[in-house]
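The numbering of the sequence shown is the working numbering, which starts it at 990 and goes up by one. The next block holds one structure in the form of structure tokens; read it before the comments.
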Amino acid sequence: MEDREAGLQDRLSDLPDYIIHEILCFLEINQAIRTSVLSKRWKNLWASVPDLNFNSKGFTEQTFPKFLRRVMSKREDSNVRRLDMFAHLPIRLSSMEGLINYAVAHQVEDFRFVSDDVQPVSLPACGSLKTLFLSRCKFGDLLTSFGFGFVNLTSLDLYVCWFCYSENDFGDPFASCRNLRRLCLRYCRFPSLKRLKITGFQLVSLEIQGFGYGDRGLQDGCEVEIFAPNLLSFVYKFSKPVDFCGLHFPSLDYVEVHVWQHGTDEATDHDKRRASLFLMSMFEGFGNAQSVKLYCETIQVLDLVDGLLEQQPSPFKRLKKVDVQCNRESFKVPAHVTNYLLAGTIGQELHLEQRRPYIVNILSCLSKQVHGKSASSS
């Protein structure tokens, strides 16, 4: 009987509060609330969990705001370490502002907002915030506000976000993030700017994806300037050539560039020359890079205009490694492109890696696994 009673002991409830809190942090907040019925010990534990994970799935536009208000009113007055919001339905601006203000007032350190639709978001200054991920957000007139007022922010990820400036030719939305070390912009839009500046005195890693003119987020003719004296890694992928009028990267070590120019057969000579010159101008900012990764589409943009590349000196001075990736076995890097990339270095070689399409790689791996199992079973 003693052994049976010992087996029925609730060892989970005997754990310290901070360990149970860490367990509850893996649950969505509505699931964490349901644990209050387990026993008296668990009744109010959810109210002091440091991580809040909200998910609108299973709610309606009417019930979800009520749920948010209930959680904020019932939760203990303790700090919020992390706040995650996954919005699968339109969220009222008042509800979003209430939640964000609550998190800021409780010293949130990590905030993540993922939405299925573009949501208008107002972001108050927050000195405690260190990491921020925002998806499908539309920011109001940054001309009359402070932009991103997060002085201690170290990591910022933005996916399909809109930056709205009214009656302004110039925008530098991240200048106030003085401690930002990592910035990732994926398919973000700056539709009204004539010049976009990215200032990052402490920036070490910068990644930009899905950039370009027209439907790629910039109005035609917009210039892009980046000032990042401590930047080590710069990645520019799935984008089109744009006018990088100034790249200040004295500490740069690694560069990855994947650009393309659609409709090159139908493009005018002016458009081809413009695209090539934009890319060459961009490369001039990479002079201190030691490792460069390019794609065959990038090589093609460099070589759009016959004789143009041969007139350009190599921008690289410290280059140690150049990789060109391509999924076409017939592709070869022209000799004058190789000379442009390597002329400023001594004794370096260009490495061309032929990559098979992703689906072929998967099938190849599966085939090896199947043959390996057959061999082992035999």
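All C-beta atoms, glycine included, are put in the ideal place defined by N, C-alpha and C. All of these numbers come straight from a predicted model, not from anything done at the bench.
- Item | Collapsed DSSP secondary structure at cysteine 1173 in the structure displayed | Along the sequence shown, read from residue 1 onward, the residue named residue 1173 stands at position 184. Cysteine 1173 falls in the strand class under three-state DSSP.
- Three-state secondary structure (DSSP) of valine 1294: Sequence index remark: in the sequence shown, residue 1294 carries index 305 (1-based). In this structure, valine 1294 counts as coil in the three-state DSSP scheme.
- Report, in whole angstroms, the separation of the C-beta atoms of serine 1117 and asparagine 1141, which I expect to be a contact under 8 Å. Here residue 1117 corresponds to residue number 128 of the sequence shown, with the count starting at 1. Here residue 1141 corresponds to residue number 152 of the sequence shown, with the count starting at 1. Right, their Cβ atoms sit about 7 Å apart.
- Among Asn1019, Val1060, Leu1174, which residue has its Cα nearest to the Cα of glycine 1201? Here residue 1201 corresponds to residue number 212 of the sequence shown, with the count starting at 1. That would be Leu1174, whose Cα lies nearest to the Cα of glycine 1201.
- Query: Is isoleucine 1009 helix, strand or coil when you go by DSSP?
  - Reply: Counting from 1 along the sequence shown, the entry for residue 1009 is found at position 20. Of the three classes helix, strand and coil, the one that applies to isoleucine 1009 here is helix, per DSSP.
- Item | Candidates Gln1198, Leu1283, His1325, Met1271: closest to serine 1311 by CA position | As a first step, residue 1311 is located in the sequence shown; it is residue number 322 there, counting from the start. The residue you asked about is not serine; residue 1311 is valine in the sequence shown. Minimum Cα distance to valine 1311 is reached at Leu1283.
- Keeping to the same chain, check which residues put their C-beta closer than 6 Å to that of glycine 1210; ignore five residues upstream and five downstream. In the sequence shown, counting from the first residue as 1, residue 1210 sits at position 221. Around glycine 1210: no qualifying Cβ.
- Task: With DSSP collapsed to three states, give me the class of glutamine 1108.
- Result: As a working note, residue 1108 is residue 119 in the sequence shown. Glutamine 1108 falls in the strand class under three-state DSSP.
- In terms of residues, what are the limits of the beta strand (DSSP E) holding isoleucine 1022? In the sequence shown, counting from the first residue as 1, residue 1022 sits at position 33. No beta strand (DSSP E) holds isoleucine 1022; the alpha helix (DSSP H) holding it covers 1018-1023.
- Can you name, in chain order, every residue of its own chain whose Cβ lies under 8 Å from the Cβ of leucine 1057, other than the five neighbours on each side? In the sequence shown, the residue the question calls residue 1057 occupies position 68. Closer than 8 Å at the Cβ level, and outside the excluded window around leucine 1057, lie Phe1043, Ser1084, Gly1087, Leu1088.
- Task: Write down every uninterrupted run of the beta strand (DSSP E) in the region 1058-1127 whose length is 3 residues or greater and which is fully enclosed by it, in chain order.
- Result: 1071-1076, 1099-1104, 1108-1110, 1120-1124
- Message: Quick check on alanine 1324: buried or exposed, where buried means 16 or more other Cβ atoms within 10 Å of its Cβ?
- Response: Translated into positions along the sequence shown, residue 1324 becomes position 335. Burial call: exposed.
- Task: In angstroms with no decimal places, state the Cα-to-Cα distance between glycine 1235 and lysine 1226.
- Result: Looking up residue 1235 in the sequence shown gives position 246. Looking up residue 1226 in the sequence shown gives position 237. Their Cα atoms are separated by approximately 19 Å.
- Item | Beta-carbon contacts of lysine 1261 that lie in its chain and below 6 Å, excluding the five residues immediately before and after | As a first step, residue 1261 is located in the sequence shown; it is residue number 272 there, counting from the start. Within the same chain, lysine 1261 has close Cβ partners Leu1293, Val1294.
- Item | Euclidean distance between Cα positions of arginine 1178 and phenylalanine 1100 | What you label residue 1178 is simply residue 189 of the sequence shown in a count that begins at 1. What you label residue 1100 is simply residue 111 of the sequence shown in a count that begins at 1. C-alpha separation (whole angstroms): 21 Å.
- Message: Distance check for leucine 1121 and phenylalanine 1075, CA to CA, integer angstroms please.
- Response: Sequence index remark: in the sequence shown, residue 1075 carries index 86 (1-based). Sequence index remark: in the sequence shown, residue 1121 carries index 132 (1-based). Those two C-alpha atoms are separated by around 14 Å.
- So aspartate 1232 and serine 1280 are in contact, right, with Cβ under 8 Å, and what is the actual spacing, rounded? In the sequence shown, residue 1232 corresponds to position 243, counting from 1. In the sequence shown, residue 1280 corresponds to position 291, counting from 1. At roughly 25 Å, the Cβ-Cβ gap does not stay under 8 Å, so aspartate 1232 and serine 1280 are not in contact.
- By how many angstroms is the C-alpha of aspartate 1105 removed from the C-alpha of threonine 1049? The residue given as residue 1049 occupies position 60 in the sequence shown. The residue given as residue 1105 occupies position 116 in the sequence shown. Spanning the two alpha carbons is a distance of roughly 14 Å.
- Complete runs of the alpha helix (DSSP H) confined to the region 1224-1288 [at least 4 residues]: 1258-1273
- C-alpha gap between serine 1124 and proline 1079, whole angstroms: For this step, residue 1124 is matched to residue 135 along the sequence shown. For this step, residue 1079 is matched to residue 90 along the sequence shown. Approximately 13 Å, taken between the alpha carbons.
- Anyone know if the C-beta pair for cysteine 1115 and phenylalanine 1137 falls short of 7 Å? Position 126 of the sequence shown, counting from 1, holds the residue named residue 1115. Position 148 of the sequence shown, counting from 1, holds the residue named residue 1137. It is not a contact, given that the beta carbons lie outside the stated cut-off.
- tyrosine 1148 - partner residues in DSSP beta bridges: Taking the sequence shown and counting its residues from 1, the one referred to as residue 1148 is at position 159. According to DSSP, tyrosine 1148 bridges with Ser1124, Arg1175.
- Task: Decide if proline 1218 is buried, meaning its Cβ has at least 16 other Cβ atoms within 10 Å, or exposed.
- Result: For this step, residue 1218 is matched to residue 229 along the sequence shown. Exposed, by the Cβ-count rule.
- Task: Have a look at Val1326, Lys1229, His1247 and flag the residue whose alpha-carbon is nearest the alpha-carbon of proline 1304.
- Result: Position 315 of the sequence shown, counted from the start, is the residue given in the question as residue 1304. Checking every option, the nearest Cα to that of proline 1304 belongs to Val1326.
- Task: Could you tell me which residues DSSP puts in a beta bridge with glutamine 1198?
- Result: Position 209 of the sequence shown, counted from the first residue, corresponds to residue 1198. Arg1175, Lys1226, per the DSSP bridge assignment.
- Task: Out of Leu1072, Leu1082, Pro1109, state which residue places its alpha-carbon closest to the alpha-carbon of alanine 1094.
- Result: One-based indexing of the sequence shown puts residue 1094 at position 105. Among Leu1072, Leu1082, Pro1109, the Cα nearest to that of alanine 1094 is on Leu1072.
- Message: Residues in the same chain with beta-carbon distance under 8 Å from leucine 1220, minus the five sequence neighbours each way, listed in chain order, please.
- Response: Counted from its first residue, the sequence shown places residue 1220 at position 231. Contacts found: Gly1189, Leu1192, Val1193, Ser1194, Leu1195, Phe1238, Ser1240, Leu1241.
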